[in-house]
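Let me begin by presenting the structure, written as structure tokens, before commenting on it.
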Amino acid sequence: MKVPFLDLAAQQAEIADEVLPTWQAQFTSAAFIGGPEVAAFEREYAAYIGVEHCVGVANGTDAVELALRAVGIRPGDEIIIPVNTFIATAEAATRIGAVPVFVDVDEEFLLIDPAAVEAAITARTRAIVPVHLYGQTAPMDTLGTIAERHGLAIVEDAAQSQGASSTVGRAGSLGRVAATSFYPGKNLGAAGDAGAVLTDDPLVADFVRNLGAHGSSVKYVHDRAGVNSRLDAVQAAVLRAKLRRLDGWNAARRVAAARYAEMLADVLGVRVPTTRPGNEDVWHLYVVQVADRDRVFAELGVAGIGAAIHYPTPLHLTAAYAGLGYQGGQFPVAEAAAGRILSLPMFPHLTADHQAAVGAALAAAMTTGGTER
Ligand SMILES: *Cc1c(COP(=O)(O)O)cnc(C)c1O
1 MKVPFLDLAA
11 QQAEIADEVL
21 PTWQAQFTSA
31 AFIGGPEVAA
41 FEREYAAYIG
51 VEHCVGVANG
61 TDAVELALRA
71 VGIRPGDEII
81 IPVNTFIATA
91 EAATRIGAVP
101 VFVDVDEEFL
111 LIDPAAVEAA
121 ITARTRAIVP
131 VHLYGQTAPM
141 DTLGTIAERH
151 GLAIVEDAAQ
161 SQGASSTVGR
171 AGSLGRVAAT
181 SFYPGKNLGA
191 AGDAGAVLTD
201 DPLVADFVRN
211 LGAHGSSVKY
221 VHDRAGVNSR
231 LDAVQAAVLR
241 AKLRRLDGWN
251 AARRVAAARY
261 AEMLADVLGV
271 RVPTTRPGNE
281 DVWHLYVVQV
291 ADRDRVFAEL
301 GVAGIGAAIH
311 YPTPLHLTAA
321 YAGLGYQGGQ
331 FPVAEAAAGR
341 ILSLPMFPHL
351 TADHQAAVGA
361 ALAAAMTTGG
371 TER
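Take the sequence shown: its letters are residues 1 to 373, numbered as in full-length UniProt numbering.
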């Protein structure tokens, strides 16, 4: 049995009857950008996350950039970013001319390590960007204390955590401002690129809305040189329909994660992921760790199992950031994990049969590895 890494077709099928008539009406009336559908989604998503304001933007990378600019980040400012994340988190800082300052992650959950954050703070540090990676919330309580002590802004990267929560609240509502992405493969995905900025602060929300509309709140009155980053009405229609199903889909992911944990408990050499105490995980990714990962990855591929690696290269070792002068060995936890992590198929419509096939293929790959594991 072939198992895809991600099957979005089943999600699209569930919402088709709701979305297609809306799209038809939008096509006919040419209501493409902004408008009532976007405003309705922004209200609904803000309520879902538990913040006052949601501002739709064009994608998640823009969302991080606009959120950073909204808290006053300027060229030369230092922004602390975990080294194990999608490159977009750092690109957002780079696009402003700010300096990404990388820190290591913790060994157990591969989330930003608060002790490493504290050690990286300098007189030029202005913000911390915790990434709620793989579907669970970074340690926001500790990070909040650190940020307060040093007068730093917290800008959450909540792209992988739609619906996740911790003891202190829902991901996306835990900093001064949060950014999220509705890239199709996220837990809440559009039918193309989309993103949003979330905040309780009306000034931050107004600034992001203005900046994303060419620095303009009144047509052809430009307060600043902004950018073009807006949410399309056609995407809002998809997002509204999917938002109504998000809790159910996240629950299905939790069932699938529990099934993997049970199934893989006895497979020697496979370390299954765990959830921080007090967190409710939405399992954007299900990331196991194995020795000899590249071989295991290849064998899964031969067996028809779609696996992936998030992420193969810690950011400080990418060509993109070679210029910052980091060395191999500087972030030992992330560097070791990068050679061991393996993301198994995970999506709401993953079936028990799919998972049995994944488990069998992984067990077989671990056995052929012999003693070297
Ligand atoms: C997907 C993602 C982004 C960027 O989102 P885009 O919509 O693709 O620009 C940012 N940060 C993280 C952690 C992501 O996973």
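From the three backbone atoms N, C-alpha and C, an ideal C-beta is built for every residue, glycine too.
Considering only residues of the same chain and omitting the five flanking positions on each side of residue i, which have a CB-CB separation below 7 Å?
i	result
Arg126	Ile73, Asp77, Glu78, Ile79, Leu152 and Ala153
Glu280	Ala164 and Ser165
Arg69	Ile96 and Leu211
Ala88	Gly60, Thr61 and Val64
Pro114	Pro139, Thr142, Leu143 and Ile146
Glu18	Ala241
Ala308	Phe5 and Ser343
Leu66	Val57, Val197, Val208, Leu211, Gly212 and Ser229
Where does residue i land, buried or exposed, given buried means 16+ other C-beta within 10 angstroms?
i	result
Ser217	exposed
Tyr48	buried
Phe27	exposed
Asp266	exposed
Tyr260	buried
Asp37	Before going further, note that residue 37 is Glu rather than Asp in the sequence given. Buried.
Arg209	buried
Arg244	exposed
Gln235	buried
Tyr220	exposed
Glu42	buried
Thr368	exposed
Thr274	exposed
Is it the case that the CB of residue i approaches a heavy atom of ligand 1 more closely than 7 Å?
i	result
Phe86	yes
Ala159	yes
Asp292	no
Ser181	yes
Gly248	no
Asn187	no
Asp141	no
Asp281	no
Val83	no
Asp193	yes
Val64	yes
Asn228	no
Val131	yes
Thr137	no
Thr94	no
Thr61	yes
Thr313	no
Thr318	no
Thr22	no
Thr367	no
Thr89	yes
Once DSSP output is grouped into helix, strand and coil, what is the label at residue i?
i	result
Ala303	coil
Leu317	helix
Gln289	strand
Thr89	helix
Asp281	coil
Leu342	strand
Gly169	strand
His150	helix
Ala308	strand
Arg74	coil
His222	strand
Ile121	coil
Arg126	strand
Asp353	helix
Phe207	helix
Leu188	coil
Tyr45	helix
Pro348	coil
Pro139	coil
Name the one or two DSSP bridge partners that residue i has.
i	result
Pro100	Ile79
Leu198	Cys54 and Ala178
Asn228	Ala213
Asp157	Val131 and Ala179
Arg271	Gln289
Ile33	Asp232
Val3	Ile305
Ile112	Val105
If I measure Cβ to Cβ from residue i and keep anything under 6 Å in the same chain, skipping five residues before and after, which residues do I get?
i	result
Leu198	Ile49, Val51, Cys54, Gly172 and Ala178
Lys2	Gly304
Arg170	Ile49 and Gly50
Ala98	Ile73, Asp77 and Ile79
Ser181	Gly60, Ala159 and Gly195
His310	Leu285 and Ser343
Val101	Glu78, Ile80 and Ala120
Any C-beta of chain B sitting closer than 8 Å to the C-beta of residue i?
i	result
Pro345	Given the protein chain composition of this structure (a single chain), no chain B is represented.
Please return the same chain residues whose Cβ sits closer than 8 Å to the Cβ of residue i, not counting the five positions on each side in sequence.
i	result
Asn187	Gly135, Gln160, Ser161, Gln162, Gly163, Leu246, Trp249, Asn250, Arg253, Val282 and His284
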